[in-house]
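What follows is a single structure, written as structure tokens, with notes after it.
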Amino acid sequence: YGSPGSIGSPGAADDALTIGAVDSSDEAAYFTSKGPRYLDNALKPDVSAPGVDILAARSSLVAGEGAYTTMSG
Numbered sequence: 058y059g060s061p062g063s064i065g066s067p068g069a070a071d072d073a074l075t076i077g078a079v080d081s082s083d084e085a086a087y088f089t090s091k092g093p094r095y096l097d098n099a100l101k102p103d104v105s106a107p108g109v110d111i112l113a114a115r116s117s118l119v120a121g122e123g124a125y126t127t128m129s130g
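Numbers given in our numbering equal positions in the sequence shown, counted from 1, plus 57.
What follows is the structure, encoded as structure tokens:
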């Protein structure tokens, strides 16, 4: 979970497209699994995008104040 070499199944499969999250400093998020993959050292994740403290509209089904909330994941 978040440490180098932490890519597991199914993300470690040859044809799996793995997605990672980065923070506002373009650093891998603490919860993003990272390669290299065991045995062949293939780099993972394949694609990364912002995923920490993203401002998003709050669902009317979620408790809280205001129309927006921050989310990570």
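C-beta: ideal position from N, C-alpha, C; glycine also. Since we're looking at a predicted model, the values are computed, not measured.
Inter-residue distance for R94 and I76 is about 14 Å (C-alpha atoms, whole angstroms). Secondary structure at G77: strand, using DSSP grouped into helix, strand and coil. With respect to the 7 Å criterion, S90 and S63 are classified as neighbours on the basis of their beta carbons. Nearest to S82 by C-alpha distance, out of G108, P61, S66, is G108. One alpha carbon belongs to T126, the other to A85, and they sit about 22 Å apart.
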